[in-house]
Amino acid sequence: MSKEKKDKPQPAGDLDLTIYREETKEHPLLDDLSKLSPEDRRILLMTGVDPSGKERSGSFFQKDHSVIHCRTDFDGAEIMSTTTAREKYDGLTEYWGKLVPADKDVYTRRAEEHQEHGYYIRSLPGADVHYPLQACLYLTEDKLAQDVHNIVIAEEASNLNIITGCATAPGVRSGLHVGVSEFFVKKGATISFTMIHNWAEEMAVRPRSAVIVEEGGTFISNYICLVPAKDLQMYPAATLKGKGAVATFNSVLLAKPGSFMDVGSRIILQGEGCRGEVISRVVSTGGTVIARGHLVGEYPGIRAHLECKGLLLSDKGRIHAIPELEGTTSDLEMSHEAAVGKIAQEEVEYLMARGLSEQEATALIIKGFLSLDIVGLPADLKKELERMIEETDTEAM
Amino acid sequence: MLDEFQLAVKDLHVSIGKKEILKGVNLQIKKGEVHAIFGPNGSGKTTLLNALMGFEGYTVKGEIFFDGKDISHLPINERARLGIGISFQRPPVIRGVKLQRLIETSAKKNGNALEKYAKGLNLVDFLEREVNVGFSGGEIKRAELLQLILQDPDLVLLDEPESGVDLENIALIGEYTNYLLGKIREPNQDKTMKELHRERKKSGLIITHTGYILDYVDVDVGYILMQGQIACKANPRDMLHTIRECGFGECFRCFREEETSVKRKKG
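Going down the list, the sequences are from chains D and X. The first sequence lines up with residues 1 to 397 when you count with the numbering used here. The second sequence lines up with residues 1001 to 1267 when you count with the numbering used here.
Here it is as structure tokens:
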């Protein structure tokens, strides 16, 4: 079972994979997500996925190893299982494993061997997928492993908004989620990709993502994780190949006691006039966060900035910011700004002088800290994120 | 007898660490009165306001009565809820929190008051901005005033309301400080302006280094604070005149003489 582990242990691949089950039963299809149980619907909503499908261009719902719901309400976009897409489009050979090679690490190999679906999302040339497509990867059985491979393609001059939510059902405590994701942003296209994690406390999570952005393309990633995760490790990378390509990674993380999050973003700038930005906001109330960032400038005149801010609210927590800048040509403009600290007493007192209790003041400051003003995010998505941060339980802080 | 006073401070000693900053301050502000404190830098003016508000980092001895109630052991927010408001000289920035959100969280006044005063203070565009982030000196002071007007306290503590404000803005700051202190009241069908004036019960304590704010706001009593003690209590206009003519050096002269001779009489 754990032959991967014996093969070649990875630095962060030290999970004991033998404790997870590989097989499970197939779930029946569901024609309407609003027929899910109220509990499931509530979890989906908290993960950014609206079961009513209102103001969404389409939905994809994978329960354990089965894709039980998939529909598109917009002609300019496709959403389906990657397994289906490979059958339909000659194995997707142009894309499959091109950005995240199967032999990259223990987990990508797992995903290659065990792959159970994942989503294939594509916007047609010139299409404006204004309302986001939503995809949900849902785990309903304890100690189950879910290995998915996702492919996202924005064809030339298209605009693609996506929300993906990864969550566990009530009663599930532990499990393994491995997700390979490959993003292709073609000439002049834009992908805005918002991923919300809403896992059970004992989950181990290994996303493996890579992005390629062609000339004039834009990739925006927003990653939100406000619930505990026992062991989360990811380091998505965007390669800006074409002239004027842009990538932005925004991450908002809350690490409660018992959480371990090793999360970073990397941007490799290879074209004229490329720009990149990595921004993270991290709050630890007792968990450990390693906040990484890596900018690689390979073309003269590129500009990139990395910003990591951490609030450490407990002596038991740990925030380790590791910003890296790497230039391989002269005439670059790359910078970083990292700060880790506690809430300033002065700020708390300022709000208390306006009549807020210490707890209310602290909660407001934390919520403010977490609410990144994300430029270019569609208004409804923005509202969704604000709501999520608003509903974050800051009681225990 | 205490409740005729909005604020009564008795023998207030305040230390930061081992250093005593205020060495026995006595103050009484009647309801409806506005007092001003002048004093050179480092004399303890801001420390006094911070101690009255209950900020951390100070060891406070003595008594502080607000409306007859001893508040010297209450936390900041309870003092605020009782009716004390403070305008900060250099408030912190609160990232990610919009000014409107903060005001709505703390405001007692409602209805269209926010809209009205934000417009008057030229702050409409600032409601959607993060609190104090990138605000200029004048914008900070105006935002503080807006927050306080909506909070509607009975006792207003103003820490250098005019510092860092250009001449154009100072008249505006002065005007809205008068709104805050209840000195400007809109004509009312039920009551005459005279009655409204008599009913006025809001009090203020203004710290000022330059005294410019006195050109716009009427102040009833002035003090000089020097080396942690009230060195003088007098008509604020006369006081300001002397300070402008001779500087605080003149106060020092007085202060030293009095210190070396007999124990100074107050009042």
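Even glycine gets a Cβ: it sits at the ideal position worked out from N, Cα and C. If you're wondering where the values come from, they're calculated on a predicted model, not measured in any experiment.
**Item:** Simplified DSSP assignment, three categories, for residue 1147(X)
**Value:** As a working note, residue 1147(X) is residue 147 in the second sequence. Looking at residue 1147(X) - three-state DSSP - the assignment turns out to be helix.
**Request:** Step through the CB atoms of chain D and report whether any lies within less than 8 Å of the CB of residue 1102(X).
**Result:** Counting from 1 along the second sequence, the entry for residue 1102(X) is found at position 102. Yes, because at least one Cβ of chain D sits closer than 8 Å to the Cβ of residue 1102(X).
**Item:** Nearest-angstrom Cα separation, counted from residue 1137(X) out to residue 167(D)
**Value:** Here residue 167(D) refers to the residue found at position 167 of the first sequence. Here residue 1137(X) refers to the residue found at position 137 of the second sequence. C-alpha separation (whole angstroms): 47 Å.
**Message:** Just to confirm my understanding: we take residue 1236(X), look at its own chain, exclude 5 residues before and 5 after, and list those with CB closer than 7 Å. What are they?
**Reply:** For the purposes of this step, residue 1236(X) is identified with residue 236 of the second sequence, where counting begins at 1. These residues qualify, in order along the chain: 1036, 1214, 1219, 1221 and 1222.
**Request:** Could you work out which residues of chain D lie near residue 1091(X), taking near to mean beta carbons separated by less than 8 Å?
**Result:** Working through the second sequence from its first residue, we reach residue 1091(X) at position 91. Chain D residues near residue 1091(X): 350.
**Message:** Between 78(D), 258(D) and 182(D), which has its C-alpha nearest residue 203(D)'s C-alpha?
**Reply:** Looking up residue 203(D) in the first sequence gives position 203. Comparing Cα positions, the closest option is 258(D).
**Request:** Would you check if the distance between the CB atom of residue 238(D) and the CB atom of residue 284(D) is smaller than 8 Å?
**Result:** Your numbering for residue 238(D) matches position 238 in the first sequence. Your numbering for residue 284(D) matches position 284 in the first sequence. No. Outside cutoff.
**Prompt:** Taking a cut of 9 Å between CB atoms, which residues from the segment 318-345 of chain D lie near chain X?
**Reply:** 344 and 345
**Prompt:** Are the Cβ atoms of residue 163(D) and residue 340(D) separated by less than 8 Å?
**Reply:** One-based indexing of the first sequence puts residue 163(D) at position 163. One-based indexing of the first sequence puts residue 340(D) at position 340. It is not a contact, given that the beta carbons lie outside the stated cut-off.
**Asked** Got a sec: is the Cβ-Cβ distance from residue 249(D) to anything in chain X below 8 Å?
**Response** For the purposes of this step, residue 249(D) is identified with residue 249 of the first sequence, where counting begins at 1. Closer than 8 Å: no.
**Prompt:** Residue range of the alpha helix (DSSP H) that residue 225(D) falls in?
**Reply:** Looking up residue 225(D) in the first sequence gives position 225. Careful: residue 225(D) lies outside any alpha helix (DSSP H), inside the beta strand (DSSP E) at 218-225.
**Prompt:** When the Cα atoms are used, what is the spatial distance from residue 71(D) to residue 276(D)?
**Reply:** Taking the first sequence and counting its residues from 1, the one referred to as residue 71(D) is at position 71. Taking the first sequence and counting its residues from 1, the one referred to as residue 276(D) is at position 276. Cα to Cα, residue 71(D) sits roughly 34 Å from residue 276(D).
**Prompt:** If you follow the alpha helix (DSSP H) that residue 1106(X) is part of, which residue opens it and which one closes it?
**Reply:** Residue 1106(X) sits at position 106 when you count from the first residue of the second sequence. Where residue 1106(X) is concerned, the enclosing alpha helix (DSSP H) stretches over 1099-1106.
**Asked** In chain order, what residues of the same chain lie with their CB nearer than 8 Å to the CB of residue 11(D), ignoring the 5 residues before and after it?
**Response** Against the first sequence, residue 11(D) aligns to sequence position 11. Because the pLDDT of residue 11(D) is 48, which lies under 50, any placement of that residue in the model is unreliable, and the number read from its coordinates should be weighed accordingly. Same-chain partners within the cutoff: there are none.
**Asked** Which residues of chain D have a Cβ atom closer than 8 Å to the Cβ of residue 1142(X), listed in chain order?
**Response** By 1-based counting over the second sequence, the position of residue 1142(X) is 142. Ordered by position in chain D, no residue passes the 8 Å Cβ test against residue 1142(X), which lies about 16 Å from the chain.
**Item:** residue 1246(X), DSSP secondary structure in three states
**Value:** Taking the second sequence and counting its residues from 1, one reaches residue 1246(X) at position 246. DSSP places residue 1246(X) in helix when its eight states are reduced to three.
**Message:** Just to make sure I have the definition right: I need the residues of chain D whose C-beta is within less than 9 Å of the C-beta of residue 1229(X). Which are they?
**Reply:** By 1-based counting over the second sequence, the position of residue 1229(X) is 229. Correct list: empty, because the minimum Cβ distance to chain D is about 26 Å.
**Request:** Locate the alpha helix (DSSP H) running through residue 1050(X), then write down its first and last residues.
**Result:** Counting from 1 along the second sequence, the entry for residue 1050(X) is found at position 50. Residues 1045-1053.
**Prompt:** What does residue 1077(X) reach in chain D if we use C-beta pairs closer than 9 Å?
**Reply:** For this step, residue 1077(X) is matched to residue 77 along the second sequence. What residue 1077(X) touches in chain D: 351, 352, 353, 354, 355, 356, 357, 358, 360 and 361.
**Item:** Short Cβ contact (8 Å threshold) for residue 333(D) with residue 294(D)
**Value:** Taking the first sequence and counting its residues from 1, the one referred to as residue 333(D) is at position 333. Taking the first sequence and counting its residues from 1, the one referred to as residue 294(D) is at position 294. Contact flag unset, no.
**Prompt:** At which residue ranges does the segment 257-344 of chain D contain complete beta strand (DSSP E) runs of 3 or more residues, listed in the order of the chain?
**Reply:** 260-269, 275-284, 288-297, 303-312, 318-327 and 333-341
**Message:** Just list the residues that DSSP pairs residue 166(D) with in beta bridges.
**Reply:** For the purposes of this step, residue 166(D) is identified with residue 166 of the first sequence, where counting begins at 1. Note: residue 166(D) sits in a beta bridge opposite 137(D) and 197(D).
**Prompt:** Rounded C-beta distance between residue 1130(X) and residue 1093(X)? I'm assuming under 8 Å.
**Reply:** Numbered from 1 along the second sequence, position 130 holds the residue referred to as residue 1130(X). Numbered from 1 along the second sequence, position 93 holds the residue referred to as residue 1093(X). That pair is a contact at about 7 Å.
**Message:** So the candidates are 269(D), 387(D), 260(D) and 160(D); which of them puts its Cα closest to the Cα of residue 296(D)?
**Reply:** Counting from 1 along the first sequence, the entry for residue 296(D) is found at position 296. Measuring from the Cα of residue 296(D), the nearest candidate turns out to be 269(D).
**Message:** Using a Cβ-Cβ distance cut-off of 8 Å, determine whether residue 1222(X) contacts chain D.
**Reply:** What you label residue 1222(X) is simply residue 222 of the second sequence in a count that begins at 1. False, the Cβ-Cβ gap to chain D never drops below 8 Å.
**Within-8 Å CB hit, residue 1106(X) to chain D** = Translated into positions along the second sequence, residue 1106(X) becomes position 106. So yes, residue 1106(X) belongs to the interface.
**Message:** Please list the terminal residues of the continuous alpha helix (DSSP H) segment that includes residue 1176(X).
**Reply:** Locating residue 1176(X) in the second sequence gives position 176, counting from the first residue. Where residue 1176(X) is concerned, the enclosing alpha helix (DSSP H) stretches over 1167-1180.
**Asked** Is DSSP giving residue 234(D) helix, strand or coil here?
**Response** Position 234 of the first sequence, counting from 1, holds the residue named residue 234(D). Residue 234(D) falls in the strand class under three-state DSSP.
**Prompt:** So residue 1120(X) is in the alpha helix (DSSP H); what residue range does that whole segment cover?
**Reply:** Within the second sequence, the letter at position 120 stands for residue 1120(X). Start and end: 1113-1120.
**Pairwise C-alpha distance: residue 302(D) and residue 383(D)** = Taking the first sequence and counting its residues from 1, the one referred to as residue 383(D) is at position 383. Taking the first sequence and counting its residues from 1, the one referred to as residue 302(D) is at position 302. Answer to the nearest angstrom: the Cα atoms are 32 Å apart.
**Reduced DSSP category for residue 1215(X) - H, G, I as helix; E, B as strand; rest coil** = Here residue 1215(X) refers to the residue found at position 215 of the second sequence. In the structure shown, residue 1215(X) sits in a helix (DSSP, three-state: H, G or I).
**Item:** Contacting residues, own chain, Cβ-Cβ under 7 Å from residue 1160(X) (five flanking each side not counted)
**Value:** To locate residue 1160(X), count along the second sequence from 1; it is residue 160. Contacts found: 1089, 1207, 1208 and 1209.
**Item:** Own chain partners of residue 290(D) with C-beta closer than 6 Å, once the 5 adjacent residues on each side are dropped
**Value:** Translated into the one-based positions of the first sequence, residue 290(D) becomes position 290. 262 and 320, listed in sequence order.
**Request:** Assign residue 230(D) to buried or exposed, taking buried as 16 or more other Cβ atoms, counted over all protein chains shown, within 10 Å of its Cβ.
**Result:** What you label residue 230(D) is simply residue 230 of the first sequence in a count that begins at 1. Buried, since its Cβ has 16 or more Cβ neighbours within 10 Å.
**Message:** In the DSSP output, what is residue 1239(X) paired with across the bridge?
**Reply:** Here the question's residue 1239(X) lines up with position 239 in the second sequence. Looking at the DSSP assignment, residue 1239(X) forms no beta bridge with any residue, so it has no partner.
**Prompt:** By DSSP, does residue 39(D) sit in helix, in strand, or in coil?
**Reply:** The residue you call residue 39(D) lines up with position 39 of the first sequence. Three-state result, residue 39(D): helix.
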